[in-house]
Amino acid sequence: MAKLNIYADRPLSTIAPEIYGHFSEHLGRCIYEGIYVGEDSDIPNVNGMRCDVVEALKQIRIPVLRWPGGCFADEYHWKDGIGPKEQRKKMINTHWGGVVEDNSFGTHEFFELCRQLGCKTYVNGNVGSGTVQEMAEWVEYMTFDGVSPMADLRRANGQDKPWKVDYFGIGNENWGCGGNMLPEYYANEYRRYRTYVRDFQEGHRIDRICGGANVADYEWTEKVLETCFRRTPPECHGKMDGLSLHYYVHPEGWEIKGSATEFDDDVFYKTLSKAWYMDELIRKHGTIMDKYDPEKRVGMIVDEWGAWYTVEPGTNPGFLYQQNTMRDALVAGITLNIFNNHSDRVKMANLAQMVNVLQAVLLTDGAKMIKTPTYHVFDLFQHHQNGTLVDTCLETEQVGTADWQVPQISQSVSRDENGTLHLTLANASNTEAATLEVNLFGTTARTVTGRMLHGEMHQMNTFDAPETVTLEALPAIAMGESGFTVTLPPCTVAHVQVQA
Ligand code: AHR
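Taking the working numbering, the leading residue of the sequence shown gets 813, the next gets one more, and so forth.
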């Protein structure tokens, strides 16, 4: 039997709600069709935003949304996306699928979407093909309340009051699609660009996010931090609030990737093992960050993560549309537990991407919308937002095939402001149930209840059968002297709530 000790009176760190953040790029059917259908659409909408999608996202309390990319961000010129829609430039989205981008979703529409969602805003600027002036003017357009050319232009376009930009990204993947820069070069560009991201609003600072590494490129982290912190007083912590990290799970590697829906046991465990790799990445990049920022004032911002498979047969390869199975639910459960357990350093994470692209939480087909297994995992985990991570000790077996082994159980535990404990658990075995003995220290359990997402590893929701995989009560909870015992069926992600 597996064993979990929970030390409820040993608080570790606050779990930033932004760990449950999302990402929406002008890519495939994410923005257009997936979120924005326009005011004249037959699909029910408010100011062009799909009501079904907004409602579903509100239910999982999405805390922050990153936009407009991705690789698209370093080709995006924001002035193309403001003003009367019929006059906005039409162009080809050369990076993603070669389709027409009519710029009908721009800055005003992004803030309207975030208003409807009630979430924070993360705008990603263009370093790769933009200029310092263009970036500075965008910030002025969005946030300045006084008299100025950009604030006046915003008013002329119908928005009197400035919006609030919570996070601003200084470029994206500048080691690749964002300009193919070397780390020292990018770091100097970061220093220059971030200087002109001005804070115009009293009492509100925009958090500046520096472009971080791809996967295990530790040299990037080291050199970028070394250059950014050089000749910067220690109290200015390199003048950055966050450093990003991108990591995608490709079961068969970057070139082949692998099918989203057809896989055997070996590929199932290989995928989960690659999800677990996030833990090592955070530790190793975190160790470098500790050297420059021992007080952990700079957040690690994992602003792109998720499983990336071969596109669904018959779909545009540039649209990155894929289905989502119980395997993805486990990828999400394992990864979110890792983020929670590193919440002393990880301050935001953004699943790629929100609708119709990669490991999406929602898929749409015309007027239809379905929730993926990954959506339900975000539903289960939402209780950790703003909670206090508490100390735990887990004993669990390894499961898998001869080549690919992972811990059977993954977990994280937080305490909310009412003292309720929230455990999120994943059983990675696709054949064996896991019985977990939970011992509580520093608290007692009055009631223990739970919900779970459970299914065979290939199971998914489709437009014909949208509720194949959905949340249900967690049945097998037995109270004991010092805690309780819970049994997780194979291939399950669960949330257990312990009221003292
Ligand atoms: O999420 C898809 C793409 O993956 C993003 O545009 C880019 O930043 C990353 O390479």
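Glycine is no exception: its CB is placed at the ideal position from the N, C-alpha and C atoms.
Just so you know, these numbers come straight off a predicted model, no measurement behind them.
query	result
For N986 and G1212, the rounded distance between their alpha carbons	37 Å
3 or more residues per run - each beta strand (DSSP E) lying fully within the stretch 1233–1261	1233–1239 and 1246–1253
Cutoff 6 Å; reference I827; Cβ partners in own chain excluding five residues on either side	N1152, S1155, H1196, G1199, L1201 and S1226
Beta-carbon spacing of M1166, C842 below 8 Å	yes
Sufficient close CB pairs (3 or more, under 8 Å) joining the stretch 1284–1302 to the stretch 1240–1256	yes
Contact under 8 Å by Cβ, T1236 with N817	no
Neighbourhood of F1041 by C-beta, 6 Å cutoff - its chain only, sequence neighbours within 5 removed	G1050 and Y1104
Nearest-angstrom Cα separation, counted from E1207 out to Q1194	25 Å
H1058 beta carbon near ligand 1 (any heavy atom closer than 7 Å)	yes
Counterpart residues of H1049 in DSSP-defined beta bridges	Paired residue(s): none; H1049 is not in a bridge.
Where E1116 sits in the DSSP three-state scheme	strand
Spatially closest choice to G882 from V1169, V1110, E1268 and Q1311, by CA coordinates	V1169
beta-carbon G881 near ligand 3 non-hydrogen atom, thresh 7 Å	With respect to small molecules bound, the structure shown includes ligand 1 and not ligand 3.
Cβ-based burial, A1214 [other Cβ within 10 Å; buried from 16]	exposed
At least three beta-carbon pairs within less than 8 Å, the stretch 1090–1101 to the stretch 1112–1132	yes
Cβ-based burial, G1015 [other Cβ within 10 Å; buried from 16]	exposed
Residue environment, F1275, which counts as buried when at least 16 other CB atoms sit within 10 Å	exposed
Per-residue burial, G1054 [other beta carbons within 10 Å of its own, 16 or more giving buried]	buried
Secondary structure of R822, DSSP reduced to three states	strand
The alpha helix (DSSP H) enclosing V865, as first and last residue numbers	C863 to Q871
For I1146, three-class secondary structure by DSSP	helix
Environment of M813 [buried if 16+ CB atoms lie within 10 Å]	exposed
Reference T933; option with closest CA among V1281, I1018 and G990	I1018
Own chain, CB closer than 7 Å to L1132, minus 5 neighbours either side, in chain order	L839, G840, V1123, V1169 and L1170
Same chain, Cβ closer than 6 Å to F1012, five either side skipped, listed in chain order	T955 and F956
Rounded straight-line distance, which links the Cα of A1306 to that of E805	Summary: the structure shown does not reach residue 805, with the chain confined to residues 813 through 1312, and so no result is reported for it.
CB of L1233 within 8 Å of CB of V865, strictly	no
Environment of D964 [buried if 16+ CB atoms lie within 10 Å]	exposed
E837 beta carbon near ligand 1 (any heavy atom closer than 7 Å)	yes
S1085 classed as buried or exposed, judged by whether at least 16 other C-beta atoms fall within 10 angstroms	buried
Beta-carbon proximity of E1268 to M1138, cut-off 8 Å	yes
Stretch-stretch touch, CB-based, cutoff 8 Å, three pairs: the stretch 937–949 with the stretch 990–1005	yes
Nearest-angstrom Cα separation, counted from L1142 out to Y1060	14 Å
Alpha-carbon spacing of P961 relative to Q899, whole angstroms	20 Å
Environment of V959 [buried if 16+ CB atoms lie within 10 Å]	exposed
Cut-off 7 Å between Cβ atoms - residues of its own chain near E949, not counting five sequence neighbours on either side	M962
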